Amino acid sequence: MLTLPALIVFAVTHILPGEFSFYSKILAGTFLAFSAIYDAKKKSLNLMYRPVRLKSFKNPEYLALYVALLQIVVLVTLGVFLGFGKSPYSFTLFGITTNLAYVFSTTVGFELSRTYLAKILTRRFKENSVIIVATLYTIILIIPFVLNFPKNPLDQLKFFGNVLIPVYTQQLFASLLVYIYGARGSLAYIFPVTAFEWFSPILPNLNWTLNALVTTAMPAIGYSILEKEKEVKKVEIKKESPASWIAFMIIALLTFLFFTGSFGVHPAVVGSGSMSPSIQTGDVIIVSKIDTDDLNIGDIIQYMAEGYTVTHRIVDIIETDDGRFFVTKGDANEIPDDPISEDRVVGKVIFVVPKIGLLPLGIKKMLEIWGVFK
106 MLTLPALIVF AVTHILPGEF SFYSKILAGT FLAFSAIYDA KKKSLNLMYR PVRLKSFKNP
166 EYLALYVALL QIVVLVTLGV FLGFGKSPYS FTLFGITTNL AYVFSTTVGF ELSRTYLAKI
226 LTRRFKENSV IIVATLYTII LIIPFVLNFP KNPLDQLKFF GNVLIPVYTQ QLFASLLVYI
286 YGARGSLAYI FPVTAFEWFS PILPNLNWTL NALVTTAMPA IGYSILEKEK EVKKVEIKKE
346 SPASWIAFMI IALLTFLFFT GSFGVHPAVV GSGSMSPSIQ TGDVIIVSKI DTDDLNIGDI
406 IQYMAEGYTV THRIVDIIET DDGRFFVTKG DANEIPDDPI SEDRVVGKVI FVVPKIGLLP
466 LGIKKMLEIW GVFK
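Taking the working numbering, I'd label the letters of the sequence shown as residues 106 to 479.
Here is the structure:
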């Protein structure tokens, strides 16, 4: 069997220096592809596909392509709202040629070898071969990150959220595709997503948490759909339009973006009565990011205290050589707060929705009583 040694060769390329690692991956990916073809031919295995029909899709290849396009649409939609950044990849003729060789060789090599291993392991491990293969390919892909594993806790969190979990989710989806259908299924998902990343001159400018959400959610949704689609059809299933899925995902992501403040505004539940009667306990405020030069006395702002936020009214503005300082006070308080610097201002309150935050406040209070929160 040449496929396993070829995988080991590919894994070793991760520890090679700089550009040598990049170009060696092109050769290793090519070797991996031909190794899988050679091994499959000896065992009379068809790596590309096997006939199978799903409930709503003609075959898994269509479903995979649908999920890939959905992921790209969601990323582009986010880019429209959050902005785009310049691609880090080269767009010279030489750069495009070498990048195309890299993407094609590594993608084809991975998916053909994945299919071969899945078919071999299926004979003994049945559906568990999906998890085994996904785990193996995840380990190979995260080697460069493990070799430079961060010491900072936040960077470690980014590794798990932005690298390990998305990669493993993607590998599970691709492994299930080859288990059911063959390499054409996984290529239909992996290649468009990879090509978008490598050959789009601009890419969505997303923070790591949002990027982790999208790159985890899309293959997870595809995996879930594929699991249901391959079940024995017992009743007539109404086919849903792909547009409805796209609309649902876009609405869900836009809602997530709103609540996390990605559009420059975010909601917050008021937990005290210090601003009564203007703002009551349980009201939800909408806070907008604003240039602090545009703030005036009388504006209600949200600012960071020690580990929590405070929503109070500006009663004085102090101009110093070190910048502006704001003196705030709750409408129901007698004593103003200590002056705060500009960098502690979160935003200005632009709207108040009465009482709809009482339920989450009540739940939080119950959790505090039960000892979940302190």
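Built from N, CA and C at the ideal position, the CB exists for glycine as well.
Note that this is a predicted model, so its numbers are computed, not measured.
Reduced DSSP category for residue i - H, G, I as helix; E, B as strand; rest coil
| i | result |
| --- | --- |
| P372 | strand |
| V157 | coil |
| I177 | helix |
| T202 | helix |
| S393 | strand |
| E232 | coil |
| Y130 | With the sequence shown as reference, residue 130 is identified as Lys, and Tyr is not the correct amino acid for it. Three-state result, K130: helix. |
| G327 | helix |
| Y408 | strand |
| L281 | helix |
| I422 | strand |
| K453 | strand |
| F101 | Missing from the structure shown is residue 101; the chain here goes from 106 to 479 and no further. |
| D398 | helix |
| Y207 | helix |
| K344 | Any answer about K344 is weak, because its pLDDT of 48 lies below 50 and its placement is not dependable; what the coordinates show is given next. Correct three-state label for K344: coil. |
| Y286 | coil |
| D436 | coil |
| F254 | coil |
Status (buried if at least 16 other CB within 10 Å, exposed otherwise) for residue i
| i | result |
| --- | --- |
| I461 | exposed |
| Q276 | buried |
| T425 | exposed |
| E411 | exposed |
| G452 | buried |
| K394 | exposed |
| T108 | buried |
| G214 | buried |
| Y413 | exposed |
| T416 | buried |
| S149 | exposed |
| Q407 | buried |
| D388 | buried |
| S377 | exposed |
| P122 | exposed |
| P271 | buried |
| T197 | exposed |
| G200 | exposed |
Nonlocal neighbours in the same chain, by C-beta distance under 6 Å from residue i, ignoring five residues either side
| i | result |
| --- | --- |
| A325 | T274 |
| F296 | T212 |
| I120 | none |
| W303 | Y194, N204 and V208 |
| R155 | G287 |
| A293 | E166, A169 and L170 |
| G184 | P309 |
| I307 | F189 |
| L282 | P165, A169, G290 and S291 |
| S381 | A437 |
| I177 | F301 |
| A133 | V114, F115 and T118 |
7 Å CB neighbourhood of residue i in its chain, flanking five on each side removed
| i | result |
| --- | --- |
| I131 | A206, Y207 and S210 |
| I422 | I402, R429 and F431 |
| F136 | A111 and V114 |
| K434 | H417, R418, V420, P441 and D442 |
| F127 | Y207 |
| V337 | Residue placement at V337 cannot be trusted, given a pLDDT of 39 that sits under 50; what the coordinates show is reported in the next sentence. Answer for V337: no residue qualifies. |
| L226 | S234, I237 and V238 |
| A145 | L152 and Y221 |
| P444 | I423, F430, F431 and V432 |
| S305 | S192 |
| I446 | Correcting the residue type first, residue 446 is Ser in the shown sequence and not Ile. Cβ neighbours of S446 beyond the five flanking positions: G428 and F430. |
Beta-carbon proximity list for residue i, same chain, < 8 Å, skipping 5 on both sides
| i | result |
| --- | --- |
| F125 | none |
| F456 | I390 and I391 |
| K333 | K160 |
| Q385 | V375, G378, P459 and K460 |
| F254 | Q261 and F264 |
Residues bridged to residue i [DSSP beta-bridge criterion]
| i | result |
| --- | --- |
| S446 | F430 |
| I307 | K191 |
| T414 | M409 |
| V458 | V389 |
### Message
Check whether the segment 256-276 and the segment 240-248 are in contact - that is, three or more C-beta pairs closer than 8 Å.
### Response
Yes, they touch.
### Query
Does the segment 136-146 come close enough to the segment 211-231 that 3 or more CB-CB pairs lie under 8 Å?
They touch, by the three-pair rule.
### Inter-stretch contact at 8 Å, needing at least 3 Cβ pairs: the segment 313-332 / the segment 263-271
The segment 263-271 and the segment 313-332 touch, with three or more beta-carbon pairs separated by less than 8 Å.
### Query
Between the segment 160-174 and the segment 282-296, do at least 3 Cβ pairs fall closer than 8 Å?
Touching, yes.
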